[in-house]
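Trainee: Structure incoming, see below.
Next comes the structure, spelled out in structure tokens:
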């Protein structure tokens, strides 16, 4: 039963039209280079058009593999195809495996998700339906549907190489995501401890990952997803236009976000900490400053402090170590310091400094900051 007559599933003529225009998607995706705005993730902003992150993610990603499965279920019968080759079924299975994780499992296991703007949601749904139609149509009826047709398309060896590459990418994608999730879990545990002590809860936290593939690049989860779809394309055969389009569309969609995100990290943490070589401080230093004036009024603000110039030397401060404790990760050390600094005779600043670094041997206090040695 057709959902949209001659379009879902698409007739052969309409399928060719869809595939023709689908090749031009990179041109539209390239418009992202003209703007740094992207309404999800760390660049999301408050808007009345925002959708809760988990709900938005699940509902915008699920249509892709559901569309492909719908094509696989309905289209063969329309063309008298009683049984598809195993290659078609395996490729469809790879697509479903990826999106079962990406669309369903991923949002459910994320410790937290930022809201997603409705414009991003709409674009994602359109992308998923078009992509599911392009790949689903090829796998269900419009590509090779016999073993004889598969012989010149992709050999068994080529298919196996593509399959292995796909799973390498899928595995790397998952573990890169897991590294990011662990950062959020550690931060949530830290905030729970702060709540127990009656201290201020900081709403947003960002950290430069420095484990796994993050030692070499800032967005390995993007790169490994591209590896997945390179493997998929190899397995399907280099002449498979839908698989090639999918790979190119992914790269052109995600690369501007990766470059923009890289600039964001460099602006926030500095060039040194984003080189990906495993050195330096991984976590922002957050100063929770409480100022008590003569009227007893209290003001609070959050700020960040960068690494000082060692040439300025050390300045003794009246600081006391309230508590030192380790986070869940064995190689992550958290120090909590409270500095009582007399600014004026009538005013005193209580400065709570939370320092987390990997690795930490010594921490020196400078006249305008701190740095691990």
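Residue numbers (our numbering): 148 to 520. We put the CB at the ideal spot given by N, CA and C, even for glycine.
Quick one: Cα of residue 96 to Cα of residue 418, how far?
Mentor: The requested residue 96 is not part of the displayed model; the chain covers only 148 to 520.
Trainee: Would you call the CB atoms of residue 279 and residue 211 closer than 8 angstroms?
Mentor: Yes. Within cutoff.
Trainee: Would you be able to state if there are at least three C-beta pairs under 8 angstroms between the segment 358-371 and the segment 269-283?
Mentor: At 8 angstroms Cβ cutoff, the stretches do not touch.
Trainee: Evaluate the contact criterion for the segment 184-194 versus the segment 242-255: three or more CB pairs, one atom per stretch, below 8 angstroms.
Mentor: Verdict: no, contact absent.
Trainee: Compare the beta carbon distance of residue 383 and residue 301 with 8 angstroms and say whether it is the shorter of the two.
Mentor: For residue 383 and residue 301, yes; Cβs fall inside 8 angstroms.
Trainee: Helix, strand or coil: which one does DSSP assign to residue 155?
Mentor: Residue 155 falls in the strand class under three-state DSSP.
Trainee: Which of the three DSSP states, helix, strand or coil, is assigned to residue 451?
Mentor: Any reading at residue 451 is ruled out, since the residue's pLDDT is 37, under 50, leaving its predicted position unreliable.
Trainee: For residue 174, does the count of other Cβ atoms within 10 angstroms reach 16, so buried, or fall short, so exposed?
Mentor: Exposed: under 16 other Cβ atoms inside 10 Å.
Trainee: Just grab the DSSP bridge partners of residue 198 for me.
Mentor: Paired residue(s): 263.
Trainee: Nearest by alpha-carbon distance to residue 276: which of 317, 402, 166 and 399 is it?
Mentor: It is 166.
Trainee: Does DSSP put residue 163 in a helix, a strand or coil?
Mentor: In the structure shown, residue 163 sits in a helix (DSSP, three-state: H, G or I).
Trainee: Alpha carbons only, please: which of 371, 373, 330 and 341 is nearest the one belonging to residue 356?
Mentor: Out of 371, 373, 330 and 341, 330 has the C-alpha closest to the C-alpha of residue 356.
Trainee: So, using beta-carbon positions, are residue 176 and residue 399 closer together than 8 angstroms?
Mentor: Their beta carbons are under 8 angstroms apart, which means residue 176 touches residue 399 by this criterion.
Trainee: What's the C-alpha gap between residue 181 and residue 171?
Mentor: In a straight line, the C-alpha of residue 181 is about 18 angstroms away from that of residue 171.
Trainee: Count the other C-beta atoms from every protein chain shown that fall within 10 angstroms of the C-beta of residue 194, then say buried if there are 16 or more, exposed otherwise.
Mentor: With fewer than 16 Cβ atoms within 10 Å of its Cβ, residue 194 is classed as exposed.
Trainee: Just confirm the distance between the C-beta atoms of residue 319 and residue 371, as a whole number of angstroms; I'd bet it's less than 8 angstroms.
Mentor: Sure, about 3 angstroms apart at Cβ, within 8 angstroms.
Trainee: Decide yes or no for the touch test of the segment 258-269 against the segment 195-205: beta carbon pairs closer than 8 angstroms, at least 3 of them.
Mentor: In short, these stretches touch, since the Cβ pair count reaches three.
Trainee: Specify, as a first and last residue, the run of the alpha helix (DSSP H) that residue 193 falls within.
Mentor: That residue, residue 193, is in no alpha helix (DSSP H); it is neither H nor E in DSSP.
Trainee: Among the residues of its own chain, which have a CB less than 6 angstroms from the CB of residue 235, if the five just before and after it don't count?
Mentor: If we look at residue 235 and ignore the five residues flanking it on each side, its Cβ neighbours are 286.
Trainee: Kindly indicate which three-state DSSP category residue 418 falls into: helix, strand or coil?
Mentor: Here residue 418 sits in coil by DSSP.
Trainee: Looking at residue 169 and residue 161, is the spacing between their C-beta atoms short of 8 angstroms?
Mentor: Against a cut-off of 8 angstroms, the Cβ pair of residue 169 and residue 161 comes out as no contact.
Trainee: Can you round the beta-carbon distance between residue 250 and residue 209 to whole angstroms, since I take them to be within the 8 angstroms contact cut?
Mentor: About 5 angstroms separates the two Cβ atoms, so the contact holds.
Trainee: How many Å lie between residue 322 and residue 227 at the Cα?
Mentor: Cα-Cα distance, rounded: 43 angstroms.
Trainee: Considering only the alpha carbon of each residue, which of 238, 293 and 205 lies closest to residue 229?
Mentor: Residue 229 has its Cα closest to that of 293, out of 238, 293 and 205.
Trainee: If you measure between the beta carbons of residue 204 and residue 258, is that distance less than 8 angstroms?
Mentor: The answer is no: Cβ separation not under 8 angstroms.
Trainee: Among 346, 164, 359 and 297, which has the Cα closest to the Cα of residue 324?
Mentor: Per the Cα distances, 359.
Trainee: Quick one: grab the DSSP three-state call for residue 226.
Mentor: Coil at residue 226, not helix or strand.
Trainee: On a CA-only basis, which of 192, 163, 215 and 288 is nearest residue 223? Give me that one, please.
Mentor: The option with the nearest alpha carbon to residue 223 is 288.
Trainee: DSSP state of residue 144, grouped into three classes?
Mentor: In the structure as shown, the chain begins at 148 and stops at 520. Residue 144 is therefore absent and cannot be evaluated.
Trainee: Can you name, in chain order, every residue of its own chain whose Cβ lies under 7 angstroms from the Cβ of residue 239, other than the five neighbours on each side?
Mentor: If we look at residue 239 and ignore the five residues flanking it on each side, its Cβ neighbours are 215, 219 and 286.
Trainee: Quick one: grab the DSSP three-state call for residue 293.
Mentor: Of the three classes helix, strand and coil, the one that applies to residue 293 here is coil, per DSSP.
Trainee: If we ignore side chains and look at the alpha-carbon of each, how far apart do residue 183 and residue 343 end up?
Mentor: Residue 183 and residue 343: Cα-Cα distance of roughly 38 angstroms.
Trainee: Among 374, 283 and 267, which one has its Cα closest to the Cα of residue 192?
Mentor: Of the listed residues, the one whose Cα sits closest to residue 192 is 267.
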